[in-house]
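Reviewing the structure listed below.
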Amino acid sequence: MDSFVLRQLVYEYQKLVGSTIRHVQQLNSDTITLKISPDLTKVERSSSTTTHLLFSVHAVHARTHFLDERRPVGQRQSHFADFLFRHLSRGVISSIEQVGWDRIIKITVQPYSEILSISPKILIAELMGKHSNIILVDQSNGKILESIKHIDDSMSRIRTVEPGETYKLPPQLDKANPFDLDFQKWFDIFGDSIPSWRSLMQSIDGITPTLAKEIFYRANKKNNQSKLADTNTETAWLAFDQVRLEWLSTKKQPQIISNSEKSIVTTIPLQQLEDATGQLFDTVSEAVYSHYKQIERQEIKQRQTQAILQAVKKHQKSVERKLYQLRADWKNAENADQFCKQGELLTANLHQIKSGQKKVEVIDYYDPDLKTQVLELKPELSPAQNAQRLFKLYNKAKRGKTVIQQLIADNEAELEIVEYYQLEVESSKTIDELLSIREQLASRGWISDKQKSKKRNPTTTFRRYTSPEGFQIYVGRNNLENDLLLRKVAKSDDMWLHARQINGSHVIIRNPERKPGIPMPTLLMAAQLAAANCKAKHSSHVPIDYTWFKYVTKRRGIGFVHYTHQKTLNVEPRSPQSSS
Numbered sequence: 037m038d039s040f041v042l043r044q045l046v047y048e049y050q051k052l053v054g055s056t057i058r059h060v061q062q063l064n065s066d067t068i069t070l071k072i073s074p075d076l077t078k079v080e081r082s083s084s085t086t087t088h089l090l091f092s093v094h095a096v097h098a099r100t101h102f103l104d105e106r107r108p109v110g111q112r113q114s115h116f117a118d119f120l121f122r123h124l125s126r127g128v129i130s131s132i133e134q135v136g137w138d139r140i141i142k143i144t145v146q147p148y149s150e151i152l153s154i155s156p157k158i159l160i161a162e163l164m165g166k167h168s169n170i171i172l173v174d175q176s177n178g179k180i181l182e183s184i185k186h187i188d189d190s191m192s193r194i195r196t197v198e199p200g201e202t203y204k205l206p207p208q209l210d211k212a213n214p215f216d217l218d219f220q221k222w223f224d225i226f227g228d229s230i231p232s233w234r235s236l237m238q239s240i241d242g243i244t245p246t247l248a249k250e251i252f253y254r255a256n257k258k259n260n261q262s263k264l265a266d267t268n269t270e271t272a273w274l275a276f277d278q279v280r281l282e283w284l285s286t287k288k289q290p291q292i293i294s295n296s297e298k299s300i301v302t303t304i305p306l307q308q309l310e311d312a313t314g315q316l317f318d319t320v321s322e323a324v325y326s327h328y329k330q331i332e333r334q335e336i337k338q339r340q341t342q343a344i345l346q347a348v349k350k351h352q353k354s355v356e357r358k359l360y361q362l363r364a365d366w367k368n369a370e371n372a373d374q375f376c377k378q379g380e381l382l383t384a385n386l387h388q389i390k391s392g393q394k395k396v397e398v399i400d401y402y403d404p405d406l407k408t409q410v411l412e413l414k415p416e417l418s419p420a421q422n423a424q425r426l427f428k429l430y431n432k433a434k435r436g437k438t439v440i441q442q443l444i445a446d447n448e449a450e451l452e453i454v455e456y457y458q459l460e461v462e463s464s465k466t467i468d469e470l471l472s473i474r475e476q477l478a479s480r481g482w483i484s485d486k487q488k489s490k491k492r493n494p495t496t497t498f499r500r501y502t503s504p505e506g507f508q509i510y511v512g513r514n515n516l517e518n519d520l521l522l523r524k525v526a527k528s529d530d531m532w533l534h535a536r537q538i539n540g541s542h543v544i545i546r547n548p549e550r551k552p553g554i555p556m557p558t559l560l561m562a563a564q565l566a567a568a569n570c571k572a573k574h575s576s577h578v579p580i581d582y583t584w585f586k587y588v589t590k591r592r593g594i595g596f597v598h599y600t601h602q603k604t605l606n607v608e609p610r611s612p613q614s615s616s
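The numbering used here puts the first residue of the sequence shown at 37, with every later residue one more than the last.
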């Protein structure tokens, strides 16, 4: 958030002057909200509206704006929120101002008291990156009463912020006021030299990297240079003046301008962002709120993605360890025939073995050369018991071989499911899709669901299409919709389609009249839909399997099936223009 945006926010906040602070709530460790309502003696009760004003001192996303939510939900009341409530509750806002061109807001409040004359309090929000803070100051003596962050001399040698100390503004740099500048003053600052965008920030108050780069982009149409060899001082001045005039214009339009790389809240058009789109808002506060709401969603999505991928990879390693051990067990199980052979050789030579022997040398009748073989014995067992022990080992290894073979197949299939979920997580576009995947993993025991959230119903239903022959075609767009199709919608006489060995949507052709066959145009349309909604949708042709739904069996997990009696169509991915 830059100083120009903050200046416009302060202008919008002027409607709060004369209003009353009703409540203070701390949403998290760095964010508070003020519940504010207008003076009921000055407005009609029916027209009164309650406003929630947010201040966040997040190290990266420090900001202020009105909240759309009527009742913001946060953590339990904190000491700081309780302190603000005691001093500001029922207090009337007498002024709201920005300190120069700094990212600092001062809200002066006249506390409520029926008896005593209490000195005004000043709530100061310093929205300055990692140095952001919210501070309550007594106006009568300038003393700090409390702050959301305490800064002692071990944390900063420049300025401390602790209760009882006199409040001091952050260190000020000697910068020019952007609206006092004319070309002569510009020339006095920069001379004949061509300033870099960094020197522009260091010399003129309120200029952020975005504004500095915008000025020089307009001057030279190149925003990737810190110095512009083809731009003279006058051209740079004219570009600066143009930006300044646009900001002063009464026709400013709050907006979020974004491209694939960044998103910026601004009240002036930004030419520096190539291939950018703009989203317009009625107020700067709405733009700021929407901007940071989107950032919050992206960060939540990123955290969810990382947590789920971490759980999936942990499970993958567990399965790989099992497979490693199972393959080692399989190798041992392959020696089962050796146990049987040794047992038979021992049985054939029982007459020459004495109790207590530790080994015996016998002729190997299975060897063409009839070589001798030394057999190890258990001295505590009789010769017959030693032979029986070997036969038991043979039978156990033989049974184990079958079990191990099945376990290896099961775990190899599990690795395929792991790969499927990795692709699903990486391709998920919304938080809801990630939460759906998380629920599935929790049901499989891959991830703990500490939130124990209630089972969510999908807010949207699968897509529906109508074929030229009048058949209804349903397409699942995500795992939950696919599962809904398989569990609740599809009947045995319906036709089921899916991309062969490729992650994608399940497609159902409804056949309520139980016709013995589906017309080829309808099959082709459904197959093209299946191809257009799978991972291979950018391929020229995709193999699509189709079979009657009665031959489709659900496997454990959402969207997993086994099917038989299938046929295959190779089709080009294509979606109709409209659906219901």
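Glycine residues also receive a C-beta, built at the ideal position from the N, C-alpha and C atoms.
Small disclaimer: the values here were computed from a predicted structure and weren't measured.
Notebook entry, point to check: Given a threshold of 16 other Cβ atoms within 10 Å of its Cβ, counted over all protein chains shown, does alanine 420 qualify as buried or as exposed?
Noted result: By 1-based counting over the sequence shown, the position of residue 420 is 384. That one is exposed.
Notebook entry, point to check: Per DSSP, which one or two residues make a beta bridge with glutamate 684?
Noted result: For residue 684 there is no data in the structure shown, the boundaries of the chain being 37 and 616.
Check: Is alanine 526 helix, strand or coil by DSSP?
Finding: Residue 526 sits at position 490 when you count from the first residue of the sequence shown. If DSSP states are grouped into helix, strand and coil, alanine 526 belongs with coil.
Margin query: Using a Cβ distance threshold of 8 Å, determine whether the stretch 211-223 contacts the stretch 181-194, with at least three qualifying pairs required.
Written below: Two segments are said to touch when three or more pairs of C-beta atoms, one from each, lie closer than 8 Å; by this definition the stretch 211-223 does not touch the stretch 181-194.
Notebook entry, point to check: Ordered along the chain, which non-local residues of its own chain (more than five positions away) have a Cβ less than 6 Å from that of asparagine 493?
Noted result: On the sequence shown, position 457 is the one that residue 493 refers to. Since pLDDT at asparagine 493 reaches only 49, below the 50 mark, its modelled position is unreliable, and the value read off the structure follows with that caveat. The same chain holds no residue with a CB closer than 6 Å to that of asparagine 493 once the five nearest residues on each side in sequence are set aside.
Checklist line | For arginine 610, three-class secondary structure by DSSP | finding: Locating residue 610 in the sequence shown gives position 574, counting from the first residue. Arginine 610: coil per DSSP, three-state reduction.
Item checked: 6 Å Cβ shell around aspartate 38 - same chain, five flanking residues per side excluded -> By one-based count along the sequence shown, residue 38 stands at place 2. Only Thr244 meet the Cβ criterion.
Margin query: Assess contact between the stretch 520-528 and the stretch 581-593, defined as three or more Cβ pairs (one per stretch) separated by less than 8 Å. Is contact present?
Written below: Result yes; three or more Cβ-Cβ pairs closer than 8 Å.
Item checked: Start-to-end residues for the beta strand (DSSP E) that takes in phenylalanine 102 -> Taking the first residue of the sequence shown as 1, we reach residue 102 at position 66. For phenylalanine 102, the enclosing beta strand (DSSP E) stretches over residues 99-102.
Check: Thinking C-beta only, is asparagine 539 closer than 9 Å to isoleucine 580?
Finding: One-based indexing of the sequence shown puts residue 580 at position 544. One-based indexing of the sequence shown puts residue 539 at position 503. Taking 9 Å as the cut-off, the Cβ atoms of isoleucine 580 and asparagine 539 do not count as close.
Item checked: Segments of 4+ residues assigned as alpha helix (DSSP H) that fall wholly inside the stretch 204-275 -> Those alpha helix (DSSP H) runs which fall completely within the stretch 204-275 and span 4+ residues are 219-226, 233-239, 245-256.
Notebook entry, point to check: When you compare each of Leu533, Lys350, Pro199 to valine 173 by their alpha carbons, which one comes out closest?
Noted result: Taking the sequence shown and counting its residues from 1, the one referred to as residue 173 is at position 137. Nearest Cα to valine 173 within the set Leu533, Lys350, Pro199: Pro199.
Next item on the list: Could you say if the stretch 129-146 and the stretch 41-48 meet the contact criterion of at least three C-beta pairs nearer than 8 Å?
Entry: Enough Cβ pairs lie closer than 8 Å, so yes.
Margin query: Ignoring anything shorter than 4 residues, give me the alpha helix (DSSP H) runs that lie fully in the stretch 301-340, in order along the chain.
Written below: None, since the stretch 301-340 contains no complete alpha helix (DSSP H) of that length.
Notebook entry, point to check: Just the Cα atoms here: how many angstroms apart are lysine 185 and serine 92?
Noted result: What you label residue 185 is simply residue 149 of the sequence shown in a count that begins at 1. What you label residue 92 is simply residue 56 of the sequence shown in a count that begins at 1. Taking the Cα positions, lysine 185 is about 12 Å away from serine 92.
Note to self: With three or more beta-carbon pairs closer than 8 Å as the criterion, would you say the stretch 458-473 touches the stretch 400-419?
What the structure shows: Not touching, per the Cβ criterion.
Notebook entry, point to check: When the distance is taken between beta carbons, is threonine 69 closer than 9 Å to leucine 89?
Noted result: Here residue 89 corresponds to residue number 53 of the sequence shown, with the count starting at 1. Here residue 69 corresponds to residue number 33 of the sequence shown, with the count starting at 1. In this structure, threonine 69 lies closer than 9 Å to leucine 89 by Cβ.
Next item on the list: Please name the residue, chosen from Tyr325, Pro504, Lys437, Ala343, that lies closest to asparagine 371 on a Cα-to-Cα basis.
Entry: Mapped onto the sequence shown, residue 371 falls at position 335. If we check each option's Cα against that of asparagine 371, Lys437 comes out closest.
Note to self: DSSP three-state label for isoleucine 57, please.
What the structure shows: Within the sequence shown, numbered from 1, the residue matching residue 57 stands at position 21. If DSSP states are grouped into helix, strand and coil, isoleucine 57 belongs with the strands.
Next item on the list: Specify the secondary structure class of glycine 540 as computed by DSSP and reduced to three states.
Entry: The residue you call residue 540 lines up with position 504 of the sequence shown. Strand, per DSSP.
Next item on the list: Count the other C-beta atoms from every protein chain shown that fall within 10 angstroms of the C-beta of lysine 284, then say buried if there are 16 or more, exposed otherwise.
Entry: As a position in the sequence shown, residue 284 is number 248, starting the count at 1. For the record, residue 284 in the displayed sequence is leucine; it is not lysine. The residue is exposed, with fewer than 16 neighbouring Cβ atoms inside 10 Å.
Check: Do three or more CB pairs link the stretch 498-513 to the stretch 533-549 at distances below 8 Å?
Finding: Yes: the two stretches touch, three or more of their Cβ pairs being nearer than 8 Å.
Margin query: Applying the 10 Å Cβ sphere with the 16-neighbour rule, what's the burial state of arginine 99?
Written below: Along the sequence shown, read from residue 1 onward, the residue named residue 99 stands at position 63. Buried.
Item checked: Same chain, Cβ closer than 6 Å to glutamine 261, neighbours up to 5 away in sequence not counted -> Walking along the sequence shown from the start, residue 261 turns up at place 225. Reliability fails at glutamine 261, whose pLDDT of 48 lies under 50, so the model's placement of it is uncertain and the value that follows must be treated cautiously. Nothing meets the Cβ criterion.
Item checked: Buried versus exposed call for alanine 433 [16 or more other C-beta atoms within 10 Å across all chains shown] -> Here residue 433 refers to the residue found at position 397 of the sequence shown. Burial state of alanine 433 is buried, judged by a 10 Å Cβ sphere holding 16 or more other Cβ atoms.
Checklist line | tyrosine 510 in three-state terms, based on DSSP | finding: Position 474 of the sequence shown holds residue 510. If DSSP states are grouped into helix, strand and coil, tyrosine 510 belongs with the strands.
Check: With contact counted as at least three CB pairs below 8 Å, one residue from each stretch, are the stretch 544-558 and the stretch 594-603 in contact?
Finding: Contact fails: fewer than three Cβ-Cβ distances are below 8 Å.
Item checked: Span separating the alpha-carbon of isoleucine 240 from that of alanine 343 -> As a working note, residue 240 is residue 204 in the sequence shown. As a working note, residue 343 is residue 307 in the sequence shown. Near 44 Å, if we compare the C-alpha coordinates of alanine 343 and isoleucine 240.
Margin query: Tell me which residue opens and which closes the alpha helix (DSSP H) that isoleucine 440 is part of.
Written below: If you number the sequence shown from 1, residue 440 lands on position 404. According to the DSSP assignment, isoleucine 440 belongs to the alpha helix (DSSP H) that extends over 419-463.
Next item on the list: Note down, in chain order, each residue of its chain lying with its Cβ closer than 6 Å to the Cβ of serine 183, except the 5 sequence neighbours on either side.
Entry: For the purposes of this step, residue 183 is identified with residue 147 of the sequence shown, where counting begins at 1. Closer than 6 Å at the Cβ level, and outside the excluded window around serine 183, lie Asn169, Ile171, Val197.
Note to self: So if DSSP puts aspartate 138 in a beta bridge, which residue, or which two residues, is it bridged to?
What the structure shows: Stepping through the sequence shown from its first residue, residue 138 is reached at position 102. DSSP, once it has assigned bridges, lists no residue as partnering aspartate 138.
Check: Is the beta carbon of aspartate 400 sitting closer than 9 Å to the one on leucine 382?
Finding: If you number the sequence shown from 1, residue 400 lands on position 364. If you number the sequence shown from 1, residue 382 lands on position 346. Result no, Cβ atoms of aspartate 400 and leucine 382 do not sit closer than 9 Å.
Next item on the list: Per DSSP, which residues does proline 579 bridge with? Please list them.
Entry: The residue labelled residue 579 in the question sits at position 543 within the sequence shown. Its beta-bridge partners are Asn606.
Check: Helix, strand or coil: which one does DSSP assign to leucine 163?
Finding: Translated into positions along the sequence shown, residue 163 becomes position 127. Look at leucine 163 here: in three-state DSSP terms it is coil, with no helix or strand label.
Margin query: Can you check which of these residues, Ala449, Ile140, Gly127, Gly136, is closest to isoleucine 154 by C-alpha distance?
Written below: Taking the first residue of the sequence shown as 1, we reach residue 154 at position 118. Of the listed residues, the one whose Cα sits closest to isoleucine 154 is Gly127.
Check: Can you tell me the Cα-Cα spacing of valine 279 and glycine 136, whole angstroms?
Finding: In the sequence shown, residue 279 corresponds to position 243, counting from 1. In the sequence shown, residue 136 corresponds to position 100, counting from 1. Between valine 279 and glycine 136, the C-alpha separation is close to 19 Å.
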